[in-house]
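See structure below.
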Amino acid sequence: MFLKSINPATGEVIRSYEEFHSGDIDKAVGDSDRAFQQWRNVPLDERSRLLKAAAGILRDKQEGLAFNITVEMGKCIVEARAEIAKCAGVCDYYADRGAEFLKPEMIETEAQLSYAAMRPLGPVLAIMPWNFPFWQVFRFAAPALMAGNVCLLKHASNVPGCALAIEQVFQEAGFPADVFKALLVRSSRVETLIADRRVKAVTLTGSTPAGRAVAAAAGKYLKKCVLELGGSDPYLILEDADLPSAVEACVAGRILNAGQSCIGAKRFIAVDKIYDEFAALFTEKMQAITYGDPFDGRCNMGPLSRFKFREDIHMQVENSLDKGAQLLVGGVLPEGDGAYYPATVLGEVRPGMPAYHEELFGPVAALIRAADEDDAIRIANDTAFGLGAAVFTRDIERGRRIAEEELEVGCGFVNDFVRSDPRLPFGGVNESGYGRELSHYGMKEFMNIKSIYVK
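Note that my numbering has the sequence shown beginning at -16, numbered continuously upward.
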């Protein structure tokens, strides 16, 4: 059996990769477990040095690595370069701060000495998606490796070239053999990997159905699990918002990566007083978005990563229109090669429509009218998801209060679009998953926080 790397801009098969068979998988897990026994004792300053070396390689080879991303999943080359730069940044972040994050926490008790020690768990299985094929991996791997864990990567089956390129980065940086290992396997192998006693924990970034399956397996085998799942992020535009600025942020949050992002802006909830003006400005900006060859720096969007995903989102658009949504721009399947889809705006979206309830994983925006602030908050929370949200208002304290106290999400932004940052914890609630990545919180997810008591 083979994994095929297919260029979504042309439909051409780039290369086929032979899948790991059972013996390959068993050997890889065994090698990883043996590597952990050595890596866990490597001094922190050496781990830091190696992460810095990985950051340097990412920067030195940025163009070639970005090419891998663009050709395998269609991301615009400008965005692909930025993704590689962000990966270098997260390596630097944990290289610089990891030792501080891992310091024992001294706790006063009746004992002579008592504290919480941070110890690594062992091999961690990372099940990663195609939409940010380098960043999703590095935001897990950098803190995990700095903490003394080792990594087994099960990447999405359509980006095997990226998976192997990431493994090569760590090898060239000088990490010991098998500390980071890419497994060329399909999803059908995941439960077997989770069941392996040598695998100590699992992290998944992916869809909510995939999260349910992984959580069930992790629960069955009593493995620590972190899930970053789907989202239908609401953006609240209040009557006192700076509309031109809000529109810029909203459009940027919607079209990033051709709309293929869990934390992409998806539902735009504007209060009635400014709904029509916001809709007109937003639609005008979306209409100006161009799609085409992802290697053409003049294009705003490349293709969707697979033709099936284009069919799925077009069906969501058509079903929403059938139920009464207004088509303000886009919504027509392009002719020709490539899995392209135009920037699309649906107006007057209401309950009962797919665009209201479902995740829109592509460049489609749902505009929803709210009576006032309270109604906008109610609509924002009327979802099974809970990943990110944004509020646009000139009243900073008002925005902060809504973001912190009212919105049921893991990431609340005010006057900007939602994105991940190594300095901030990242993750969701409800059907967007549980656990946190990034910051010191993400590093400690895969640690044995061990109580030490010395009398």
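We treat Cβ as the ideally placed atom computed from N, Cα and C, and that holds for glycine.
From the DSSP output, which residues share a beta bridge with Cys208? Mapped onto the sequence shown, residue 208 falls at position 225. BP columns for Cys208 point to Val185.
State the Cα-Cα distance for the pair Glu88 and Pro103, rounded to the nearest angstrom. Counted from its first residue, the sequence shown places residue 88 at position 105. Counted from its first residue, the sequence shown places residue 103 at position 120. CA-to-CA, the gap between Glu88 and Pro103 works out to about 15 Å.
Please look up how many angstroms separate the CB atoms of Ala125 and Leu34, rounded, as I've assumed it's under 8 Å. Against the sequence shown, residue 125 aligns to sequence position 142. Against the sequence shown, residue 34 aligns to sequence position 51. Going by Cβ atoms, the distance from Ala125 to Leu34 rounds to 6 Å, so yes, they are a contact pair.
For a quick check, are the C-beta atoms of Val312 and Gln243 less than 8 Å apart? Your numbering for residue 312 matches position 329 in the sequence shown. Your numbering for residue 243 matches position 260 in the sequence shown. Their beta carbons are not under 8 Å apart, which means Val312 does not touch Gln243 by this criterion.
Could you tell me the alpha carbon to alpha carbon distance between Pro337 and Cys70, rounded to whole angstroms? Along the sequence shown, read from residue 1 onward, the residue named residue 337 stands at position 354. Along the sequence shown, read from residue 1 onward, the residue named residue 70 stands at position 87. Cα-Cα distance, rounded: 34 Å.
Please classify His4 as buried or exposed, where buried requires at least 16 neighbouring CB atoms within 10 angstroms. Residue numbering aside, residue 4 sits at position 21 when the sequence shown is read from its first letter. Per the 10 Å Cβ criterion, exposed.
Residues bridged to Pro286 [DSSP beta-bridge criterion]: Position 303 of the sequence shown, counting from 1, holds the residue named residue 286. DSSP links Pro286 through a beta bridge to no other residue.
Bridge partners of Ala444, per DSSP? The displayed coordinates of the chain run from -16 to 438. Any statement about residue 444 would go beyond what the structure contains.
Determine the burial state of Gln475: buried for a count of at least 16 other Cβ atoms within 10 Å of its Cβ, exposed for fewer. This structure cannot speak to residue 475, because the chain is shown only from -16 to 438.
Which residues does DSSP pair with Ala248 in a beta bridge? Residue mapping note: residue 248 aligns to position 265 of the sequence shown, counting from 1. Note: Ala248 is bridge-paired with Asp216 in the DSSP secondary-structure output.
For Lys183 and Ile435, I'd like the C-alpha separation in whole angstroms. Residue numbering aside, residue 183 sits at position 200 when the sequence shown is read from its first letter. Residue numbering aside, residue 435 sits at position 452 when the sequence shown is read from its first letter. Rounded to whole angstroms, Lys183 to Ile435 spans 22 Å at the Cα level.
In chain order, what are the residue ranges of uninterrupted alpha helix (DSSP H) at least 4 long that sit wholly in the region 330 to 370? 337 to 340, 356 to 363
Just the Cα atoms here: how many angstroms apart are Glu331 and Leu343? Within the sequence shown, residue 331 is the residue found at index 348, counting from 1. Within the sequence shown, residue 343 is the residue found at index 360, counting from 1. Near 16 Å, if we compare the C-alpha coordinates of Leu343 and Glu331.
Based on the DSSP output, what are the partners of Thr327 in its beta bridges? Here residue 327 refers to the residue found at position 344 of the sequence shown. Looking at the DSSP assignment, Thr327 forms a beta bridge with Val347.
Over what stretch of residues does the beta strand (DSSP E) that includes Arg102 continue unbroken? For this step, residue 102 is matched to residue 119 along the sequence shown. Looking at the DSSP string, the run of the beta strand (DSSP E) that includes Arg102 is 96 to 103.
Quick one, are the C-beta atoms of Ala373 and Phe396 less than 8 Å apart? The count along the sequence shown starts at 1 and reaches residue 373 at position 390. The count along the sequence shown starts at 1 and reaches residue 396 at position 413. For Ala373 and Phe396, yes; Cβs fall inside 8 Å.
Under 8 Å: do the region 184 to 199 and the region 101 to 118 share three or more Cβ pairs, one atom per stretch? yes
Can the beta-carbon of Arg289 be found closer than 8 Å to that of Ala322? In the sequence shown, counting from the first residue as 1, residue 289 sits at position 306. In the sequence shown, counting from the first residue as 1, residue 322 sits at position 339. Result yes, Cβ atoms of Arg289 and Ala322 sit closer than 8 Å.
8 Å Cβ cutoff met for Ser446 and Leu370: Any answer about residue 446 is impossible in this case: the structure gives the chain only from -16 up to 438.
Would you be able to state if there are at least three C-beta pairs under 8 Å between the region 155 to 164 and the region 49 to 66? no
Contact defined as beta carbons within less than 8 Å: I believe Arg169 pairs with Asp216. What is the distance between those atoms, to the nearest angstrom? Here residue 169 is taken as the residue at index 186 of the sequence shown, counted from 1. Here residue 216 is taken as the residue at index 233 of the sequence shown, counted from 1. So it is not a contact: roughly 30 Å between Cβ atoms.
On the CB-based measure, 16 or more other CB atoms within 10 Å of its CB, does Asp259 come out buried or exposed? Reading the sequence shown from its first residue, position 276 is the one you call residue 259. Counting Cβ neighbours within 10 Å, Asp259 comes out exposed, since fewer than 16 surround it.
Residues near Glu389 by beta carbon distance below 7 Å, same chain, minus five either side: What you label residue 389 is simply residue 406 of the sequence shown in a count that begins at 1. Cβ neighbours of Glu389 beyond the five flanking positions: Ile360.
Quick one: Cα of Pro227 to Cα of Phe117, how far? As a position in the sequence shown, residue 227 is number 244, starting the count at 1. As a position in the sequence shown, residue 117 is number 134, starting the count at 1. A direct Cα-to-Cα measurement between Pro227 and Phe117 gives close to 33 Å.
Looking at the secondary structure, which residues open and close the beta strand (DSSP E) in which Phe(-15) lies? Working through the sequence shown from its first residue, we reach residue -15 at position 2. Residues -15 to -11.
I need the straight-line Cα distance from Arg30 to Arg406, nearest angstrom please. Working through the sequence shown from its first residue, we reach residue 30 at position 47. Working through the sequence shown from its first residue, we reach residue 406 at position 423. Taking the straight line from one Cα to the other gives about 19 Å.
Assuming contact is defined by CB atoms lying nearer than 8 Å, are Ala348 and Leu329 in contact in what I supplied? Looking up residue 348 in the sequence shown gives position 365. Looking up residue 329 in the sequence shown gives position 346. Yes.
Backbone CA spacing between Ser97 and Ala193 [nearest angstrom]: Reading the sequence shown from its first residue, position 114 is the one you call residue 97. Reading the sequence shown from its first residue, position 210 is the one you call residue 193. If you take the alpha carbons of Ser97 and Ala193, they lie about 41 Å apart.
Among Ala99, Phe261, Asn51, which has the Cα closest to the Cα of Phe84? One-based indexing of the sequence shown puts residue 84 at position 101. If we check each option's Cα against that of Phe84, Ala99 comes out closest.
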